[in-house]
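>
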Amino acid sequence: MTIRVATTCSSGKAMSPIWPLQAASLRPGSIESVSAAWLANLPCAVERMPASDLYQGRGFGHARSVARPFVISAGLGLVRPEELIPSYSLTVSTGTDDIFARINGRRDPAAWWRAIRSNPFSCPMDALFEGNGIVLMALSGPYLAMVAEELDSRPQSDLDRLRIFLPGSPRNVPSGLARLIMPYDDRMNAPASALRGPLTDFAPRALRDFAGTALGALPDGDAAEHAAFVTARMAELEDVPAHGPQP
């Protein structure tokens, strides 16, 4: 079975970004002016490396253990694993490097995505869905908000192959995507789980668990069958004694 993986960018990177590729370097303004300034700065960085090597951290490692991941990047759009890209510091999540701290107006991750997703380092969403294999996508709530509109517009044949992994229960998910979210929950941290960890890497941990369990049991399963498998798996983890598998 061909498996394609996509996960969010991580703050941990193998190279430090130059100043123009840090969100804090941008002059505050409208989403149009800030995104235009960001795109103009991207060619400034000479040093680059493959995306699959640039991003660091435990969460990214979980995704990479399944397949070399495409990266859903708030700074660069959708990035192929082999694409040579610069380091940068920018996110649509609240906190350090939050691009919306530089934007006058409401927080609108989808509008930011539309503004920056076409640049010399990005690829079209079609690239992620090439072929007929399953597509596993680990996201946080803010990053789902960023790409949900584009995902929801994909052909039904693509959506039927997509499985989404998230921490918690995000709001305002399009109905066409809600059925694709696999129902992992905090029982991933049950004593019997081999993939316990912090909330920050919940989604890629769930993706890794799914690839190692549900896909083996139901390689041709549809979204409903996979969701039922995950529901049963969560109950199973809850019921196994504490001396079960350790990470």
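Numbering that gives the first Met the number 0 applies: residue 0 is where the sequence shown begins, and numbers increase by one.
Even for Gly, the Cβ is constructed at its ideal location relative to N, Cα and C.
Just so we're clear, the structure is a prediction, and the values are computed from it rather than from any experiment.
Given threonine 1, which residues of its chain have a CB within under 7 Å of its CB, disregarding the five upstream and five downstream residues?
Answer for threonine 1: Gly130 and Gly132, listed in chain order.
> With DSSP as the reference, label aspartate 97 as helix, strand or coil.
Three-state result, aspartate 97: strand.
> Near histidine 242, what residues of its chain come up, given a Cβ to Cβ distance below 6 Å and the 5 sequence neighbours on each side ignored?
Here histidine 242 scores only 49 on pLDDT, less than 50, and its place in the model should not be relied on; the value that follows carries that caveat. Answer for histidine 242: no residue qualifies.
> So, helix, strand or coil for tyrosine 87, using DSSP?
Coil at tyrosine 87, not helix or strand.
> Helix, strand or coil: how does DSSP classify glutamine 55 here?
The answer is coil: DSSP assigns glutamine 55 none of H, G, I, E or B.
> Using only the alpha-carbon positions, how far apart do valine 45 and leucine 75 sit?
About 15 Å.
> In the structure shown, what three-state DSSP assignment does leucine 197 receive?
Leucine is not the amino acid found at residue 197; the sequence shown has proline there. Reduced to three states, the DSSP call for proline 197 is coil.
> Considering just the uninterrupted stretch of the beta strand (DSSP E) at glycine 76, what are its terminal residues?
It spans 76-78 - the beta strand (DSSP E) in which glycine 76 sits, taken as one unbroken run.
> Could you tell me the distance, in whole angstroms, from the CA atom of glutamate 224 to the CA atom of isoleucine 180?
Straight-line Cα distance between these residues: approximately 12 Å.
> In the DSSP assignment, find the unbroken beta strand (DSSP E) run with valine 4 in it and report its ends.
Where valine 4 is concerned, the enclosing beta strand (DSSP E) stretches over 2-7.
> Could you give the DSSP three-state label for arginine 113: helix, strand or coil?
If DSSP states are grouped into helix, strand and coil, arginine 113 belongs with the helices.
> Do isoleucine 71 and tyrosine 183 have their beta-carbon atoms positioned less than 9 Å apart in this structure?
For tyrosine 183 and isoleucine 71, no; Cβs fall outside 9 Å.
> Examine chain C for any beta-carbon lying closer than 9 Å to the beta-carbon of glycine 140, and answer yes or no.
No chain C is present in this structure, which holds just one protein chain.
> Specify, as a first and last residue, the run of the alpha helix (DSSP H) that methionine 181 falls within.
It is not in any alpha helix (DSSP H) - methionine 181 carries neither H nor E in the DSSP assignment.
> Can you tell me the Cα-Cα spacing of threonine 90 and alanine 73, whole angstroms?
Going from the Cα of threonine 90 to the Cα of alanine 73 covers about 5 Å.
> Just verifying my parser: in three-state terms, what is the DSSP assignment at histidine 242?
Residue placement at histidine 242 is flagged as unreliable, the pLDDT there being 49, under the threshold of 50; the coordinate-derived value follows with that caveat. Here histidine 242 sits in coil by DSSP.
> Taking buried to mean at least 16 other C-beta atoms within 10 Å of its own C-beta, is cysteine 43 buried or exposed?
Per the 10 Å Cβ criterion, exposed.
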